[in-house]
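Numbering (mature numbering (1 follows the signal peptide of the UniProt record, and there is no 0)) for the sequence shown: -27 to -1, 1 to 276.
Just so it is clear, CB atoms sit at the ideal spot from N, CA and C, and this is done for glycine as well.
On a predicted model such as this, the values are computed, not experimentally measured, just so you know.
Read the structure below first, then the notes.
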Amino acid sequence: MPGRHARARATALPLALATLLTLTVTACGGTATVNQSKVPEQRVDPALRALLPRDIRDKGSITSAVGNDYPPLSLLDIDNKTVIGAEPDLIHAVGQILGVRVHLVQANFDSIIGGVRSRRYDVAIQAMLDKKERQSQVTFVDYMKTSSSILAAGKAAGNIRSLTSLCGSQVAVEQGTSQVDDVAAQAEKCAANGKPELEKLVFPDSVGCFQALSTGRADAFVGGTPTVVYQAEMSHGRFRTAGEPYRFLPYGILINKEEPTLVRAVRGALQKLIDNGTYAKILKQWNIRSGALKSATVNGGAA
């Protein structure tokens, strides 16, 4: 998930804002501790390359939408320009197998379905759940299983068991994500059951969510489990995952529904990465091995 950076010096800020800076810079890659990718070079598969649409073969490149604020899936490197993470690693390796360069375009999460449908992007890889209702708009090549989780301040996290525990809280979610609907539905349940109001705080990117949580504006953040776990680890105990993960679905690479051969090419390339061990190396490097799939599926998500 462009332009989400805090730039003041932490030493000049109060504790709460200094913590915000740490989270924001971590999310945007502005730290020397970010691991650089060391993905093995892939050999071109002529049969899979032949499946590519002619215009892609002719120009020799694929344009892929990508995020920059959802670590460890996507984040900015220390130059604050280059997108790194598990998703860029995967899509670059797919491109190598298909014999094309991959041109990454940083895009807002809630714009990528429209961008793929309008052919602004050939593909998109941006932590989007493969859900049945989205399959009517795009085709998904699934690359990782995942879930949703809750992030809260360390002391408060122990009192949160599930979304039900969030009644009476202010909860941050990123615009366009499934978690917006989850929190909205829970807010209705809180009201229907006569419990304290749940206030949904929608931000255009995940950095806004972390900022709200860090400054105390939000009591919790609901997002994808990989980034929730990552931010909990990076906070050194200030924030913790709360309750148990819920709704297990795969993340998928988005492709225009009118490009079936491109779907076959991307699925085949991803399967080769799984079979030759590169896929496992990428997930291990970014500490998300628990999300590994045994095979690349197409539209494998459930409602």
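Contact defined as beta carbons within less than 8 angstroms: I believe residue i pairs with residue j. What is the distance between those atoms, to the nearest angstrom?
{"i": "Pro61", "j": "Trp259", "result": "So it is not a contact: roughly 10 angstroms between Cβ atoms."}
{"i": "Ser142", "j": "Asp42", "result": "About 23 angstroms; that fails the 8 angstroms criterion."}
{"i": "Val144", "j": "Asp192", "result": "7 angstroms"}
{"i": "Leu77", "j": "Ser37", "result": "6 angstroms"}
{"i": "Leu124", "j": "Gln204", "result": "6 angstroms"}
{"i": "Gly210", "j": "Gly127", "result": "6 angstroms"}
{"i": "Ala160", "j": "Lys168", "result": "With 8 angstroms as the limit, Ala160 and Lys168 do not qualify as a contact, their Cβ atoms being about 10 angstroms apart."}
Pull up the distance between the alpha-carbon of residue i and that of residue j, whole angstroms please.
{"i": "Ala129", "j": "Ser120", "result": "21 angstroms"}
{"i": "Ala242", "j": "Lys54", "result": "27 angstroms"}
{"i": "Ile233", "j": "Thr112", "result": "A quick correction: the sequence has Pro, not Ile, at residue 233. Straight-line Cα distance between these residues: approximately 9 angstroms."}
{"i": "Leu171", "j": "Val202", "result": "23 angstroms"}
{"i": "Cys182", "j": "Ile51", "result": "22 angstroms"}
{"i": "Lys104", "j": "Val271", "result": "12 angstroms"}
{"i": "Val12", "j": "Asp83", "result": "29 angstroms"}
{"i": "Lys230", "j": "Val156", "result": "30 angstroms"}
{"i": "Gly264", "j": "Leu256", "result": "8 angstroms"}
{"i": "Arg30", "j": "Tyr219", "result": "41 angstroms"}
{"i": "Lys118", "j": "Thr200", "result": "13 angstroms"}
{"i": "Ser208", "j": "Leu266", "result": "29 angstroms"}
{"i": "Gly68", "j": "Met101", "result": "20 angstroms"}
{"i": "Arg107", "j": "Val89", "result": "12 angstroms"}
{"i": "Ser91", "j": "Leu48", "result": "25 angstroms"}
{"i": "Lys32", "j": "Val39", "result": "20 angstroms"}
{"i": "Gly3", "j": "Pro177", "result": "Below a pLDDT of 50, predicted positions are generally treated as unreliable, and Gly3, at 37, falls in that range; the measurement from the model is reported next regardless. Their backbone Cα atoms lie some 20 angstroms apart in a straight line."}
{"i": "Phe221", "j": "Cys140", "result": "23 angstroms"}
Give the range of the alpha helix (DSSP H) segment to which residue i is assigned.
{"i": "Asp154", "result": "Ser151 to Ala165"}
{"i": "Gln184", "result": "Ser179 to Thr188"}
{"i": "Val89", "result": "Ile85 to Arg90"}
{"i": "Asp31", "result": "Arg27 to Lys32"}
{"i": "Pro19", "result": "Pro19 to Arg22"}
Output the boundary residues of the beta strand (DSSP E) element that contains residue i.
{"i": "Gly197", "result": "Ala193 to Gly197"}
{"i": "Val175", "result": "Glu172 to Phe176"}
{"i": "Val96", "result": "Val96 to Ile98"}
Exercise for the section: Output the residue ranges of the beta strand (DSSP E) runs that lie fully inside the stretch 200 to 261 and measure 3 residues or longer, sorted by chain position. Expected result: 212 to 229
Practice task
Quick one: which unbroken beta strand (DSSP E) runs of 3-plus residues sit fully inside the stretch 40 to 80? Chain order, please.
Solution key: 47 to 49 and 74 to 79
Exercise for the section: Indicate whether the contact test is met: 3 or more Cβ pairs, each with one atom in the stretch 138 to 153 and one in the stretch 180 to 196, closer than 8 angstroms. Expected result: yes
Practice task
Decide yes or no for the touch test of the stretch 223 to 237 against the stretch 131 to 141: beta carbon pairs closer than 8 angstroms, at least 3 of them.
Solution key: no
Problem - Minimum length 4: unbroken alpha helix (DSSP H) runs contained in the stretch 105 to 155 - result: 127 to 130
Exercise for the section: State whether the stretch 17 to 32 contacts the stretch 237 to 252, with contact taken as three or more CB pairs (one from each stretch) at a distance under 8 angstroms. Expected result: yes
Handout entry: contact_flag[the stretch 58 to 74, the stretch 248 to 255] where n(CB pairs < 8 angstroms) is 3 or more
Key = yes
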